[in-house]
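**Student:**
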Amino acid sequence: MVDFKAIEEKWQQKWLEEKVFEPQIDEKKPKFYITVAFPYLSGHLHVGHARTYTIPDVIARFKRMQGYNVLFPMAWHITGSPIVGIAERIKHRDPQTIYVYRDVYKVPEDILWTFEDPVNIVKYFMKAAKETFIRAGFSVDWSREFHTTSLFPPFSKFIEWQFLRLKEKGLIVKGTHYVRWDPVVGTPLGDHDLIEGEDVQILDYILIKFVLEENSEVYYLPAATLRPETVYGVTNMWLNPEATYVKARVKSGDKEEKWIISKEAAYKLSFQDKDIEVLEEFKGEKLIGKWVKNPVTGDEVIILPAEFVDPDNATGVVMSVPAHAPFDHAALEDIKKNTEILLKYDIDPRIVENISYISLIELEGYGEFPAVEESEKLGVKSQKDVEKLEQATKNIYKAEYHKGVFKIEPYKGKPVNEVKELVAKDMFEKGIADRMYEFSDKNVISRFGNRAVIKIIHDQWFIDYGNPEWKAKAREALAQMKILPESRRAQFEAIIEWLDKKACARKVGLGTPLPWDPEWVIESLSDSTIYMAYYTISRAVNKYGIKGEQLIPEVFDYIFLENFSEEKEKQLSEKTGIPKEVIREMKEEFEYWYPLDWRCSAKDLIPNHLTFFIFNHVAIFRKEHWPKGIAVNGFGTLEGQKMSKSKGNVLNFIDAIEENGADVVRLYIMSLAEHDSDFDWKRSEVGKLRKQIERFYELITEFAKYEDKDVELMDIDKWLLHRVNKAIKGATEALEEFRTRTAVQWAFYSILNDLRWYMRRTEGRNDEAKRATLRRLADIWVRLMAPFTPHIAEELWTKLGGEGFVSLAKWPEPVEEWWNKTIELEEDYIKALIDDIKEIITVAKLENAKRAYIYTAEEWKWRVAEIVAEKKDFKAAMSEVMKDPEMRKRGKEVSKLIQKLVKERAFELKRIDEEKALRQAKAFIERETGLEIIINPEEDKGGKKKQAMPMKPAIFVE
RNA sequence: GCGGGGGUUGCCGAGCCUGGCCAAAGGCGCGGGAUUUAGGGUCCCGUCCCGUAGGGGUUCCGGGGUUCAAAUCCCCGCCCCCGCACCA
C-alpha cells in the first residue's frame, strides 16, 4: 500500500521550505488574486468547511499552472462574542460546552481549562486551523497571515481607518434599535446567546389608546393589535377579569400619560423607551362594565370580560372586532350564553345582546362577517377552542390582507394591505397610537437562564446600507461582476434592494473599538468586508514588524486611495517612522494585486458578508479596484445527517485527512458536488475513492517506466490520445467556471474509464506504440490531477522526470495533432456493433450461435445520407439525389431511404470507413462476442443485407 | 409576511438558459457473470414495461398551451428547502 501520509508531508514541507506559494510582484505574468472567507475559530473546521477552502485552492493551483502569478492568502476571524461566551461557559463548567470541546474537538484536558481565557481559545484554534490547512495541502501564502480584533493592532488600525472613512462619507449613522435583551445580566442576546427561542419572531404591535374617563381623570387603555385598520369595527373591549392590571404613569419623551395595562406589560414597556411608575394594582374585573371611547370613531364601547385575553402578551388590553376576528366573536357568543357572568358585573344582558357587528371589509367568498362564517366552518364552540380559533384567525387575516377591500370611509374601496398602513400612520400623527415590540412566543430564554425582553437601544451605530446612492453603486458593481453560479445573481440583486441600516457595533465581544466612540466594538460582519485589501500589505507589515500605531489613517489613504507620490511617501515616513521604501512596497503590492479576482464562500454568506463586501468596496475604493467575481458553494452533510457539533455528529477536517490522506479527501469533496449544491460525505465512498487513487498512482508509476518514442501509432492509440485531448478541454473549461465536479469527472474518471477500455482493446499488445501512448497520457494525467491531488501529483511528476514542482508545471492544453473525431466515431461504431450483436443474441435466444455476418452500408446509401444531412429536407434532398442517373435507377429505394433519414433527423453525419474499422477490430469483436465475424460476405445471409445503413451495419447471427 | 431557490427514472444527481441523436450522463444500491478456497477487491453485463433479430411502448410533481418535435419554452395549481439582521 502506498504511504500517502509520508508523501503528503514530504511535499508540504518542500512547498513551505521553498516558499512556492509566496508570490512576489512579477510584471511579466498576469496576476490572479483569490480569497476565501476566513474561518471564525470557535472550534475545529469540519469536512463541510473543507469544501469552502478546497475550492479556492484548486482554482489557485489551476491558475498557477496556467501561468498566472497567484495570490491565495489566509487569515483568522476572531471578532465577536461566541468565543467570549465559550470561555465563560468553560469557566462555569457547562457540561455541554465541555462535551463539545473535550470529546468532539478532542482538546486535551490540560489545555481545555486554559480556555477560561478567550485568548487561549483563539490561540489554540488558530494554530490548529493553520496546521489543518497545511496538512490539506493548501497553496496558501502564509507570509500574509493575520487575525482580526485589537489583539492584532495593525489590522485593527486598518478597520479604524475604514470606519473613519465610512463615517466621513455619512454612511455611519446613529439611531435607536430594538434587541433581544437579558434583563438580569443586562446584555443584548444574539442567536447563540439563547438556549430557547432562537426562531421566535419579534412582532410590532400597534397600541391604540382608548380613553377611559374616571372622576374627570383621563386614562388610556392601549389596545394592542396587529391589524390597526379594524379599529373602525370595534364593538367592545376585552380585559381578563382574573389578571392583574395596573394604573401607571407613563413617560415617553416629554409626554406623560396615565395608562391601564397588564402588570406584565408595564414591566416589558419599561424597556421600550417608556418610563413607568405603577400607581395602583388591581384585578381586571374592576374595570368590567365600564365604558371607553374609541379614539378614532368616537364610539363609546363597553369593557367586557374574556378569559382568552393573555396579560402576558402585549398590553393585556384587547379591542373586540367580532366581524373580522374569530376570537372576539367566540367570546361574545360565550357571554351571551352565560348571562350570569354579566349580572355579576352588573351589566345589563341586553347591552350585549344588542351589540351589532360592524362589517369593514369586502371579501370574496365570504359574506358580511367573515369571522363568523369561518368559525362556523371550523366548528368553533367557544373561546376555549384555541386551536380552531387560531386557525380561523390565520385564514381570515390572510385572506382579508391579500384580497380584502375596505368599505368604510375615508378608505372605502382601497385594499386592506394599504389601509392598514394608512390607518396606522394617521393614528400616530394624531398621537392616539403607540407601539410595542413583543415576542411571538413567550419562551425566549437567554443562556443565563433568564426570560428575555425586548429593549430599545439608543445611540446604536449603524452602517446605512439603505443609502440610495450607495445602493446604486453596489448595483453597478454587481452588474460588472461575475457571479458563480450565475443563478445566484438574482439573490444578490434582491439583497442589495432589501438591505437597510445595519447595527455595526456592540458592547460585548472581541473586536476593534470604534475610534470615535470606543465603548462600542465593531461587530464581526462589519470588520470583515474589505480585509482582502489588507492582505496585499500584510506581507510587508509582518516582515518589517510594522506597529499598529505607525499605521495612521493617512498611510492607508495613500496606499489604497491615492496616486503614487514619492513626496507623500517621504512625508508619511517622517511622520510614522516606516521607511519610505516600505511604504512604496506596500503601495506597489496593493496596486499590483487589486482588484480582487475572486471571492469565495459558502452560500449562506450571500445575504450578509458577500453583499456587505460589495457595498464596502464601492464605498471605499476607486472603481478600478472594485471586485470582479464571487463564487459560492454549498454545504456538506455527514452520512445524510446535518453536521452538528452539539450532537457530536461532525467529522473534523483534520481527522478526515489523518484517516484518508489529504489527496483523497480533496478529490472526494471536489467530486461530490459543484457550485451551490450540497454534498453528502459517505465513509464507504471515501474508501472506494482511496483505492482508485492508489490505482492511479500505480498506473502512472508503471507508465513512468515507458518511453515516449516517435513511432507509428495504431488507431486505438490515436483514439486514446483524442480522448485525452477531450479530457483536457473538459477539465479546463469546467475549472474556469469553478465546476469542480465536472472537472474531476473529466480529469479523473473519464481518463480512468477510457484507459480501461483501451487496455481491454489492446490486450496482448506490448509494443512501443502502446508504451509511447501511455507515457504521453501519464504526462498529462498527472498535471490534470495536480490541482486536486497535489501531493501524489508531485511524487509522480518526479517519477516521470518532470522538472521542478508539478504545482508550477504548465497546465496541459489539447494537442492539435491528437484531435481525431473520425477515430472516435469508428470506436463508437465498434462499441455499438458489439452491443447490437449481444442484444440480438439475448432477444433471439441464440446462445449457441457461432458466427455473425456483418454487412456495411453500400456506397449509394452513404451518398444519399450525406445529401440528406446537407439538405435536411425531403424535397431538396430528393431532387439533388435524382440528378444522378445511377440513383434514378433505384428511385423507389432511394425515396424510401430519404424519407426514413429525414424522419429520423439523421443530419449529423460524418463519413467513416466502416469496413476498415471492422477489419481492424475484428479480433476484438470476436473476443467480446465469442462469435466468428464475417465481414461483407458475398452471400446475403438471412436476407439482412438490405437493412444496412450508414453507421449501422446489417447483422445476421447464426 | 417579504425575499431567493427547487421538484428528473429505487436513491443521490447531471441535463434544463441555447427545444430534437434523452429511456435521459455519472455515482450508489440491487441482480448476474469472470477472477478468487471463500469473503473482500477488481473487471465485465444488466437494472421503467414488453419483445425469439438490433425493435416497440409508457415516463421527467399535477393540469393546460406553443411546436413537425418538450424533462427542456409559456400559463395555472400543488408541494419542498433556505435567508430575514446586529448573529458568526
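Numbers 1168 to 2125, taken from our numbering, label the letters of the first sequence in order.
For glycine and all other residues, C-beta sits at the position ideal for the given N, C-alpha and C.
For clarity, every value in this text was computed on a predicted model and none was experimentally measured.
(1) Counting C-beta neighbours from all protein chains within 10 Å, is the total for L1379 16 or more, i.e. buried, or is it exposed?
(2) State the DSSP-derived secondary structure class of D1371, mapped to helix, strand or coil.
(3) Classify K1722 as buried or exposed, calling it buried when 16 or more other Cβ atoms lie within 10 Å of its own Cβ.
(4) Any idea which residues DSSP pairs Q1627 with across the strands?
(5) Please state if the CB of A1829 and the CB of G1252 are separated by a distance shorter than 9 angstroms.
(6) Here's a check: name, in chain order, each residue in its chain whose Cβ is nearer than 7 angstroms to the Cβ of F1475, leaving out the five neighbours to either side.
(7) Just to confirm the assignment, what range does the beta strand (DSSP E) spanning N1800 have?
(8) List the endpoints of the continuous beta strand (DSSP E) containing L1238.
(9) Within a Cβ cutoff of 7 angstroms, which residues of the same chain sit near L1992, ignoring the five residues on either side of it in sequence?
(10) How big is the Cα-Cα spacing for E1825 and K1172?
(11) My guess is that I1883 and I1959 are in contact by the Cβ rule of under 8 angstroms, so how many angstroms apart are they, rounded?
(12) Under 8 angstroms, with one C-beta from each stretch per pair, do the stretch 1686-1696 and the stretch 1707-1723 reach the 3-pair mark?
(13) How big is the Cα-Cα spacing for W1793 and A1898?
(14) Can you tell me the Cα-Cα spacing of I1773 and N1287, whole angstroms?
(15) Bridge partners of L1677, per DSSP?
(16) Give me the Cβ distance between W1458 and E1452, rounded to the nearest whole Å; I'm assuming they're in contact under 8 angstroms.
(17) Does the Cβ of I1192 have 16 or more other Cβ atoms within 10 Å, making it buried, or fewer, making it exposed?
(18) DSSP has D1442 in a bridge; who is on the other side?
(19) Roughly how many angstroms separate the alpha carbons of Q1627 and L1238, rounded to a whole number?
(20) I'd like to check one pair, R1673 with E1660: are the Cβ atoms closer than 9 angstroms?
(21) What is the DSSP secondary structure of Y2020, counted as helix, strand or coil?
(22) According to DSSP, simplified to helix, strand and coil, what is G1803?
(23) Going by the beta-carbon positions, is the gap between L1509 and I1470 smaller than 9 angstroms?
(24) Taking H1344 and A1670 to be in contact with their CB atoms under 8 angstroms, please state how far apart those CB atoms are, rounded to whole angstroms.
(25) What residue range does the beta strand (DSSP E) around Y1200 cover?
(26) Please classify T1315: does DSSP put it in a helix, a strand, or coil?
(27) K1587 and R1394 look like a contact to me (Cβ under 8 angstroms); what is the Cβ gap, rounded to whole Å?
(28) Which residue's Cα is closest to the Cα of L1739: L1728, D1843, P1720?
(29) Since K1852 is in the beta strand (DSSP E), which residue starts that stretch and which ends it?
(30) For the beta strand (DSSP E) that F1606 lies in, which residues bound it at each end?
(31) Indicate whether G1353 and E1431 have their beta-carbon atoms separated by less than 9 angstroms.
(32) If we count the other Cβ atoms within 10 Å of its Cβ and call it buried at 16 or more, is P1389 buried or exposed?
(33) Examine the Cβ distances between the stretch 1863-1877 and the stretch 1929-1947 and report whether three or more of them are shorter than 8 angstroms.
(34) What does a CB cutoff of less than 7 angstroms around D1764 pick up in its chain, not counting 5 residues either side in sequence?
(35) Three Cβ pairs or more, each shorter than 8 angstroms: is that satisfied between the stretch 1225-1240 and the stretch 1889-1907?
(36) What residue ranges within the stretch 1451-1520 form continuous alpha helix (DSSP H) runs of no fewer than 4 residues, ordered along the chain?
**Tutor:** Working from what's here:
(1) buried
(2) Collapsing the DSSP output to three states places D1371 in a strand.
(3) Correcting the residue type first, residue 1722 is Val in the shown sequence and not Lys. By the neighbour-count criterion, in which a residue is buried when 16 or more other Cβ atoms sit within 10 angstroms of its Cβ, V1722 is buried.
(4) BP columns for Q1627 point to G1342.
(5) Contact: no.
(6) F1494, A1498, Q1550
(7) 1796-1800
(8) Taken as a continuous stretch (DSSP letters only), the beta strand (DSSP E) holding L1238 covers 1236-1238.
(9) The beta carbon of L1992 is closer than 7 angstroms to those of K2077, I2079 in its chain, skipping five residues each way along the sequence.
(10) 8 angstroms
(11) Contact doesn't hold; Cβ gap of about 28 angstroms is too wide.
(12) Of all C-beta pairs linking the stretch 1686-1696 to the stretch 1707-1723, fewer than three are shorter than 8 angstroms, placing the two stretches out of contact.
(13) 29 angstroms
(14) 31 angstroms
(15) G1247
(16) That belief does not hold up - the Cβ atoms of W1458 and E1452 are roughly 16 angstroms apart, past 8 angstroms.
(17) exposed
(18) Note: D1442 sits in a beta bridge opposite K1418.
(19) 38 angstroms
(20) no
(21) Under the three-state reduction of DSSP, Y2020 is assigned to strand.
(22) Reduced to three states, the DSSP call for G1803 is strand.
(23) no
(24) 6 angstroms
(25) 1198-1203
(26) coil
(27) 7 angstroms
(28) P1720
(29) Per the sequence shown, the amino acid found at residue 1852 is Glu instead of Lys. Here E1852 belongs to no beta strand (DSSP E); instead the alpha helix (DSSP H) covers 1850-1870.
(30) 1600-1606
(31) Going by C-beta atoms, G1353 is not nearer than 9 angstroms to E1431.
(32) buried
(33) yes
(34) Counting only residues of its own chain and dropping the five nearest sequence neighbours on each side, D1764 has a CB closer than 7 angstroms to the CB of F1199, Y1200, I1201, K1795, G1796.
(35) yes
(36) 1493-1504, 1506-1511, 1516-1520
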